[in-house]
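Chains A and B, in that order, give the protein sequences.
Heads up: take any position in the first sequence, counting from 1, add 215, and you land on this note's numbering.
Heads up: take any position in the second sequence, counting from 1, add 44, and you land on this note's numbering.
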Amino acid sequence: MDAAPIIRLRGIRTQFGAQVVHDGLDLDVMQGEVLGVVGGSGTGKSVLLRCIAGLRPPQAGSIEIFGQDALNCSEAQRRAIDQRMGVMFQDGALFSSLTVRENVEVPMRTLPGLDARLRRDLADLKIAMSGLPYVAGDKYPSELSGGMRKRAGLARALALDPEIVFLDEPTAGLDPIGASAFDELINTLSQTLGLTVFLVTHDLDTLHATCDRIAVLAEKRVLYTGTMAEMQRVEHPWVHEYFHGPRARAAVAATERTG
Amino acid sequence: MSRGPLSASAQPGFDPKSGHASEHAALAPAAAGAGADWVLEGMLTLRSLPRLLPDLDRIGGGQVRLDLSHLSKLDTAGAFALHQLQQRLEREGGALQLEGLSRDHAALIERVAQSIPEPPAPAPSRRSLGDLLDLLGRNVAAAGIFLAELHAMLGMFLARLVWLVRHPSEFRMTALVHHCDQVGWKAVPIVALMSFLIGVVLAFQGAVQLRQFGAEIFVVDLIAISILRELGILLTAIIVAGRTASSFTAAIGSMKMREEIDAMRTLAIDPVVVLFVPRILALLITLPILGMLANFMGLFGGAMMSWIELGISPGMFLARLLDDTGVNHVVVGFVKAPVFAMIIGVIGCHAGMQVGGNAESLGSQTSAAVVRAIFAVIVADALFSIFFAMMDY
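What follows is the structure, given as structure tokens:
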């Protein structure tokens with residue numbers, strides 16, 4: 216793990232009208248780590264993700280990605296940054312008029328020199344690596360279940376072999392087997408590809424199974440960051456409730472059973 | 045191989061001017077006695093792959109040892125290319141041995157090799173005469189089903205309307221008023237302007253023709269009969285079909301797409317009562333009113349043009365209109381209005397219910413609803429014309 220953070224947020228402030236979502240938010244994401252972002256509903260986890268992904272610039276603060284100022288840079292530089300990041304939206308956000316394979320090919324079309332056949336083969340590979348059967352490539356998003364759409368969304372996010380992927384609630388709405396398969400997938404990808412993962416989730420099992428570090432969003436900023444073990448010792452009432460509630464205990468027990 | 049290695053940057057290079065990450069990989073024959081045949085160095089990634097592929101294709105011939113110890117970066121696309129190279133050499137009776145592979149890269153190649161899907165054999169696709177007949181039959185059946193569904197929708201609407209007469213507390217008055225505003229009041233400017241201009245055009249064209257016979261005064265009959273009997277209502281219905289059928293389809297279709305209509309059903313709310321009845325009823329109420337407005341504005345435009353072009357004063361126009369034009373023309377016009385309203389409403393709502401899970405079907409259904417509604421309105425108008433001609437009314 217490098218010492219320099221791959222994403223560096225300082226003093227982020229976002230607001231919708233009079234409603235302030237983040238105020239003075241600082242966060243570092245290290246290269247190669249899986250960072251889990253947790254927080255109650257409405258604490259702006261997805262808003263933070265959209266800020267970093269460049270979809271919604273913050274009102275104040277600085278964002279550095281790959282050591283570059285991502286807010287004050289030329290359009291070409293921003294595009295280059297975007298090409299090194301992949302985003303998986305909550306419901307996949309697939310283009311509904313394209314098949315899954317065409318969806319995965321879309322980001323590859325921006326690269327020069329990639330011929331159609333290689334693109335197709337690589338798209339099939341990405342679809343298979345996301346755990347979808349081959350035939351899913353020919354289907355339209357509306358013909359897939361919610362879990363399959365998430366996997367297809369991940370396949371598209373991984374299309375350009377990004378260095379950072381943002382996952383918005385990847386396991387929400389999946390059955391337990393599908394969810395743990397997804398956890399497994401995130402682990403494998405982060406190990407084999409050296410992927411940095413920014414994971415927004417409510418799923419304590421996913422946090423246990425995948426995350427190197429956890430950032431807790433509360434009171435309009437990142438209140439605590441640390442490993443799962445460190446989170447257990449935090450005194451803050453909400454954080455304590457989150458990591459010591461009945462669901463948290465079950466997740467810990469499950470992790471201990473499987474080792 | 046005579047070509048030397050391309051420049052291989054070890055670090056993820058970034059060109060601040062162009063903003064593009066520059067990633068290179070280079071393939072070169074290994075030095076003699078190096079324990080390998082080829083050396084691959086640099087970054088074997090999706091971005092460097094297209095330029096490297098021709099070089100990789102040149103590798104061939106039996107046992108090949110590839111030195112990867114200077115490979116600084118490998119991604120899934122690169123691993124895929126290495127795997128394909130291995131497959132190709134094995135098909136040709138050789139083998140590929142990867143030397144100096146780091147543990148992470150080996151794991152990645154392993155992972156990619158496991159994931160490569162095996163496409164199932166494609167189904168034979170030959171089009172025979174039977175298939176074409178099959179397609180024709182399916183289309184005819186689909187058209188029949190479509191007509192049946194429209195009638196089902198009409199029946200549902202009428203049945204719920206009768207039911208609502210007996211259960212007036214279930215009726216959504218607010219929704220009806222809202223839709224009357226949307227469908228009727230908001231359409232007033234466009235309908236008024238259009239019919240005024242139609243009256244102007246009729247008077248102008250009629251004047252040019254009738255002046256040849258010295259029969260200018262008949263322009264009043266021409267305008268009155270054509271506007272009151274046909275054009276006022278028909279053109280209003282066409283405009284309303286364009287405005288309203290599309291908005292019904294879009295509103296109901298997006299609710300269908302987001303499963304809101306299913307949610308209503310599970311909450312024991314009847315979508316026909318809540319969505320369709322207020323909309324179609326609003327059309328039934330407002331289309332005749334809009335038609336009346338169109339009639340007035342058309343006659344007004346005609347009178348203005350007759351005055352300017354032919355010197356027929358408004359008083360003369362009015363006297364001629366009241367003396368010569370039978371009330372039957374107005375009746376014929378207004379009889380059609382509720383029928384057109386029903387056609388537009390039913391087609392718009394039906395198309396909304398046909399929307400599937402994706403945004404594209406919403407768009408295609410919306411435009412289909414407009415085309416169908418206008419077509420159906422014109423067909424109905426033609427049938428009315430034949431009917432009234434045979435009735436001699």
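For every residue, glycine included, the Cβ atom is placed at its ideal position computed from N, Cα and C.
Quantities reported herein were computed from a predicted structural model and do not represent experimental measurements.
Label A:Q158 either buried or exposed according to how many other C-beta atoms from any shown protein chain fall within 10 Å of its C-beta, with 16 as the threshold for buried. No statement about residue 158 of chain A is possible, as the shown extent of chain A runs from 216 to 474 and does not include it.
Would a check of beta-carbon distances place B:P98 closer than 8 angstroms to chain A? no
Among all the DSSP beta bridges, which residues are the ones paired with A:T407? Looking at the DSSP assignment, A:T407 forms no beta bridge with any residue, so it has no partner.
Taking Cβ-Cβ distances shorter than 8 angstroms, what residues in chain B pair up with A:A343? S159, I160, P161
Members of the segment 388-401 of chain B near chain A, C-beta cut-off 8 angstroms: G400, G401
For chain B, find out if any of its Cβ atoms is closer than 8 angstroms to the Cβ of A:P356; answer yes or no. yes
Any beta carbon of chain A sitting closer than 8 angstroms to that of B:E404? yes
Residue span of the alpha helix (DSSP H) that contains B:T120, given as start and end: 120-135
In whole angstroms, what separates the C-alpha of B:L88 from that of A:L375? 13 angstroms
Limits of the unbroken beta strand (DSSP E) element including B:L175: Note that residue 175 of chain B is Asp in the sequence shown, not Leu. Not the beta strand (DSSP E): B:D175 falls in the alpha helix (DSSP H), residues 173-210.
Taking all protein chains shown into account, decide if A:N318 is buried (16 or more other Cβ within 10 angstroms of its Cβ) or exposed. buried
Ignore the nearest five residues each way along the sequence and tell me which others in A:G388's own chain have a CB closer than 6 angstroms to its CB. G361
Extent of the continuous beta strand (DSSP E) to which B:R273 belongs: Careful: B:R273 lies outside any beta strand (DSSP E) and carries neither H nor E.
Contact check, B:I324 vs B:V390, beta carbons under 8 angstroms: yes
Nearest to A:L382 (by Cα), restricted to the options A:G247, A:A219, A:R228, A:G251: A:G251
Starting from A:Y439, trace the beta strand (DSSP E) both ways and give me its first and last residue. 436-441
Can you list, in chain order, the residues of its chain with a C-beta nearer than 8 angstroms to that of A:V262? Leave out the 5 residues immediately preceding and following it. T229, V236, H237, R271
Under a three-way DSSP split, which group does A:R324 fall into? coil
Just checking: is the beta-carbon of B:T293 within a distance shorter than 8 angstroms of some beta-carbon in chain A? no
List the DSSP bridge partners of A:P220. A:M245
Candidates B:I261, B:V245, B:Q141: which alpha carbon is nearest B:P368's? The residue asked about is misnamed: residue 368 of chain B is Asp in this sequence, not Pro. Cα-wise, what sits closest to B:D368 is B:I261.
Check A:V467 in the structure and name its three-state DSSP category. helix
Between the segment 321-335 of chain A and chain B, which residues of the former have CB atoms less than 7 angstroms from a CB of the latter, in chain order? L326, G328, L329
Where do the N-terminal and C-terminal ends of the alpha helix (DSSP H) with B:Q409 fall, by residue? 403-435
Run down chain B in chain order and give the residues with a C-beta less than 8 angstroms from the C-beta of A:S311. G401, N402, A403, E404
Using CA coordinates, which residue listed in A:A433, A:L422, A:P391, A:A233 is at the minimum distance from A:A444? A:L422
Quick check: what's the CA-CA separation for B:L319 versus B:C393? 9 angstroms
Shortest alpha-carbon distance to A:P391 belongs to which of A:A424, A:V412, A:C266, A:V380? A:A424
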